[in-house]
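Visitor: Below you will find the structure I want to go over with you.
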Amino acid sequence: MSEKAELSPSFIPQKSPSFFFKKSKLFASIFFLTAFSLSSFPSIASCASEFITIIREPSAKESAKAKVRVHEFHTAIRKFSLENSKEVKLIKYGNVADFELLRLDINTASNARAPRILITGGIHGNETLGALASFEFVKRFMSKPELKKKFNLVVIPATNPKALFLGSRRYAEGVDLNRLFVPSDKTPEALALKSTLEDQNFAMLLDLHGGPTRQHFFSVRAAEDNGLAENALKALPSDLVLESNNGQYPGRMGLPSHPDRYLMPAKGVAESKLVGTFKAYGFDELKIPYSYTVEYPMRNKIEPSLGYYVDLIEAFLLSYETKVLKSN
Ligand SMILES: [Zn+2]
């Protein structure tokens, strides 16, 4: 588990966006005034330029720059699939604006009935590390024969390319893709994803996110999981994993008054079936028995978070083997 993913920093900004910037221009102005008054704050100008796309609509020049990052990411994915074309199949399942929707089907297992794991990244476009970690995990998976022979993967690294391009949770006013997996929704990204995944069997879903106000990794399961997630999170250093507060999630979403309340049955393991999330859709509609949202600490530095994130994905697969395959 100590092996760290090779970093590919050119795809993403080097600092995680602060959640303060998402609120409003007013909030951003207050932040800048405060920041300028703090002599210890490093290089205000460089920080500001990195966050600029998420406090207002990007200019054409900035859009072009941001767009290159998503296209570069897709180019790297394409190149990887060509280099590994015997086992990795690239499928284009749609278009959004001028971005392609791409999935990688990785069929390496010797047994035709081997568990098929679905991994999605970048549903929230400001939670960039999930997108990157999904692709870094594919590279690790392909380098590990003992994993390859036990599992098959379907990986969608940039599920919401328009939001990734904007560096924003929402790609338009009020459009949060991770609340739109409901029957009535007609959003192109959600429709394309539903249609490319329907009538397929998956053993486990890992939808990779980031928690902007949290310092820790944790997962949100859709239902009781025989300790699978708890066991997986033990692969990380204990102080990087979110503690349960006596069975309650230690934040706003753990409050009894919260309409989408999370419970937290174990360290690093919250539980919720928040309607419209992809994880809930995976559990309810795609009938994936082990469906998770996975969260990394966006306030921590990208390095070493990416390496830990890739370790955690691998640990989920190994934990599936321990808790599901071996116990059957
Ligand atoms: Zn998210």
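Sequential numbering from 511 applies to the sequence shown in our numbering.
Beta carbons are placed, not taken as given, at the ideal position from N, Cα and C, and that holds for glycine.
#1: Given 8 Å as the limit, is there contact between the region 627-638 and the region 659-669, that is, 3 or more CB pairs closer than that?
#2: Residues in its own chain within less than 8 Å of P760 by CB, not counting five upstream and five downstream?
#3: My output table needs one value for M763: the three-state DSSP class, helix, strand or coil.
#4: Answer yes if the region 591-608 comes into contact with the region 695-705, meaning at least three C-beta pairs across the two stretches below 8 Å, and no otherwise.
#5: Consider the C-beta atom of G792 and the heavy atoms of ligand 1; say whether any pair is separated by less than 7 Å.
#6: Identify whether P799 lies in helix, strand or coil by the three-state DSSP scheme.
#7: Count the other C-beta atoms from every protein chain shown that fall within 10 angstroms of the C-beta of E813, then say buried if there are 16 or more, exposed otherwise.
#8: If you measure between the beta carbons of A643 and L718, is that distance less than 8 Å?
#9: Using only the alpha-carbon positions, how far apart do L548 and R809 sit?
#10: Quick check: the Cα distance between S678 and G640, rounded to an integer number of angstroms?
#11: Which whole-angstrom value describes the C-beta separation of I633 and L612, a residue pair presumed to lie in contact below a C-beta threshold of 8 Å?
#12: Going by the C-beta, is E637 closer than 7 Å to any heavy atom of ligand 1?
#13: Say yes only if the C-beta of N810 is nearer than 7 Å to one or more non-hydrogen atoms of ligand 1, and no if none qualify.
#14: On the three-state DSSP scale, how would you describe F675?
#15: Assign H726 to buried or exposed, taking buried as 16 or more other Cβ atoms, counted over all protein chains shown, within 10 Å of its Cβ.
#16: If you drop the 5 nearest sequence neighbours on each side, which residues of the same chain put their C-beta closer than 7 Å to that of V692?
#17: What does a CB cutoff of less than 6 Å around Y791 pick up in its chain, not counting 5 residues either side in sequence?
#18: I think K637 touches V820, with their Cβ atoms under 8 Å apart; what is that distance to the nearest whole Å?
#19: Just the C-alpha distance for D794 and F590, rounded to the nearest angstrom, thanks.
#20: Out of curiosity, what's the CA-to-CA distance linking N617 and P766?
#21: Out of G635, G817, F728 and V685, state which residue places its alpha-carbon closest to the alpha-carbon of R650.
#22: Can G720 be considered in contact with ligand 1, in the sense that its beta carbon sits closer than 7 Å to one or more heavy atoms?
#23: Pull the bridge partners of K602 from the DSSP assignment, please.
#24: Taking only the alpha-carbon atoms, compute the straight-line gap between P667 and P769 and give it to the nearest angstrom.
#25: Let's test the definition: count the other Cβ atoms within 10 Å of the Cβ of L592 and tell me whether it reaches 16, buried, or not, exposed.
#26: Taking DSSP as the reference, what is the three-state secondary structure of M652?
#27: Measuring CA to CA, which of L657, R689, K811 and S653 is closest to N670?
#28: For the alpha helix (DSSP H) containing N741, name the first residue and the last one.
#29: Do you know offhand how far A733's Cα is from E781's?
#30: If you draw a straight line from the C-alpha of G720 to the C-alpha of K596, how long is it?
#31: With which residues is P807 paired in a DSSP beta bridge?
#32: How would you label P807, buried or exposed, when you count the other beta carbons within 10 angstroms and need 16 or more for buried?
#33: So if DSSP puts E781 in a beta bridge, which residue, or which two residues, is it bridged to?
Guide: According to the structure shown:
#1: Contact between the region 627-638 and the region 659-669 is present, because at least three Cβ pairs lie under 8 Å.
#2: L752, E753, S754 and M774.
#3: Three-state result, M763: helix.
#4: Yes, the region 695-705 touches the region 591-608.
#5: Relative to ligand 1, G792 has its C-beta separated by 7 Å or more from all heavy atoms.
#6: In the three-state reduction of the DSSP assignment, P799 falls in the coil class, being assigned neither a helical nor a strand state.
#7: Around the beta carbon of E813, fewer than 16 other beta carbons lie within 10 angstroms, which makes this residue exposed.
#8: Result yes, Cβ atoms of A643 and L718 sit closer than 8 Å.
#9: Summary for L548: the model assigns pLDDT 33, below 50, so the residue's position carries little reliability, and this model does not support an answer.
#10: C-alpha separation (whole angstroms): 14 Å.
#11: No, I633 and L612 are not in contact; Cβ-Cβ is about 14 Å, not under 8 Å.
#12: Answer for E637: yes, Cβ within range of ligand 1.
#13: No, since every heavy atom of ligand 1 falls outside the 7 Å radius drawn around the Cβ of N810.
#14: Three-state DSSP puts F675 in a helix.
#15: Result: buried.
#16: Only V785 and G786 meet the Cβ criterion.
#17: For Y791, where only same-chain residues beyond five positions count, the Cβ hits under 6 Å are F691.
#18: Before going further, note that residue 637 is Glu rather than Lys in the sequence given. Rounded to the nearest angstrom, the Cβ distance from E637 to V820 is 15 Å, too far for a contact under 8 Å.
#19: Cα to Cα, the separation comes out at about 33 Å.
#20: If I take the Cα positions, the gap works out to 44 Å.
#21: Comparing Cα-Cα distances from R650 to each of G635, G817, F728 and V685, the minimum goes to G817.
#22: Flag set: Cβ of G720 near ligand 1.
#23: The beta-bridge partner set that DSSP reports for K602 consists of L612.
#24: Rounded to the nearest whole angstrom, the C-alpha separation of P667 and P769 is 30 Å.
#25: Exposed, by the Cβ-count rule.
#26: M652 carries a helical assignment under DSSP once its states are collapsed to helix, strand and coil.
#27: Closest option to N670, Cα to Cα, is R689.
#28: Per DSSP, the unbroken alpha helix (DSSP H) holding N741 starts and ends at L738 to L743.
#29: Cα-Cα distance, rounded: 7 Å.
#30: Those two C-alpha atoms are separated by around 33 Å.
#31: DSSP output for P807 lists G721 as bridge partner(s).
#32: Answer is buried; the Cβ neighbour count reaches 16.
#33: Listed as beta-bridge partners of E781 by DSSP are R731 and L773.
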